[in-house]
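So the structure is just underneath, and the comments pick up after that.
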Amino acid sequence: MVKINPLKLTIALLILFAIWGACSLIFHQFCPVVLITGLPCPGCGLTRAFIAFFTMHPLEAFKYNPTYPLWIVLAAMFLWQVYVKRRITTKLRNFAIVVALVTIVAYIFRMVFLFPSSEPLVYHPGNVFAHIYPEYSRLFE
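Numbering (my numbering), first residue to last: 991 to 1131.
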């Protein structure tokens, strides 16, 4: 069990959202994997899935990332434990590991069967590798 300071966590989350906003404005991407490699990461589509879910389009959200319900449950559990219980339990940590593993398995499946023709699993050509090695982008044409 880990004790959490809710104020410090809130400040850290605000800083993270500020960085997210700045990266989105400057690079039109937030994900370091996409910025560097141009390839989608296991979490690709989660933001769009959350937006679709919270705007009452839960089935459309599955198209973006089918693991989004697990992340919503994990976020709710995390917020409850941090702001109400003021501690993080081993159960939450174990559930987070399971959610991450399920997300990785879903990512592998989606990359095998959906990449590169289905949003959000597409190649982004304006990445760092493509600027350093122009031949890199040809791998994904």
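A virtual CB, placed ideally from N, CA and C, is assigned to each residue, including glycine.
Go through its chain and collect everything with a Cβ distance to V1024's Cβ below 8 angstroms, but skip five positions before and after it. Within the sequence shown, the letter at position 34 stands for residue 1024. Here the set comprises P1030, C1031, C1034, H1114 and N1117.
Kindly provide the ranges of any alpha helix (DSSP H) runs that are 4 or more residues long and lie completely inside the stretch 1011-1083, ordered along the chain. Every alpha helix (DSSP H) of 4 residues or more that sits fully in the stretch 1011-1083 is shown, in chain order, as 1022-1027, 1036-1044, 1048-1054 and 1058-1070.
Note down, in chain order, each residue of its chain lying with its Cβ closer than 6 angstroms to the Cβ of T1093, except the 5 sequence neighbours on either side. Here residue 1093 is taken as the residue at index 103 of the sequence shown, counted from 1. P1032 and T1057.
Helix, strand or coil, according to DSSP, for S1107 in the structure here? Here residue 1107 is taken as the residue at index 117 of the sequence shown, counted from 1. In the structure shown, S1107 sits in coil (DSSP, three-state: anything other than H, G, I, E or B).
If you check the beta carbons only, do G1028 and F1119 fall under 8 angstroms apart? If you number the sequence shown from 1, residue 1028 lands on position 38. If you number the sequence shown from 1, residue 1119 lands on position 129. Cβ atoms of G1028 and F1119: closer than 8 angstroms.
Rounded to the nearest angstrom, what separates I1078 and V1072 at their Cα positions? To locate residue 1078, count along the sequence shown from 1; it is residue 88. To locate residue 1072, count along the sequence shown from 1; it is residue 82. Just so you know, the alpha carbons of I1078 and V1072 end up roughly 6 angstroms apart.
Spell out the partners DSSP gives K993 in its beta bridges. In the sequence shown, residue 993 corresponds to position 3, counting from 1. K993 is bridged to R1077.
Straight-line CA distance for S1108 to F1020? One-based indexing of the sequence shown puts residue 1108 at position 118. One-based indexing of the sequence shown puts residue 1020 at position 30. Their Cα atoms are separated by approximately 19 angstroms.
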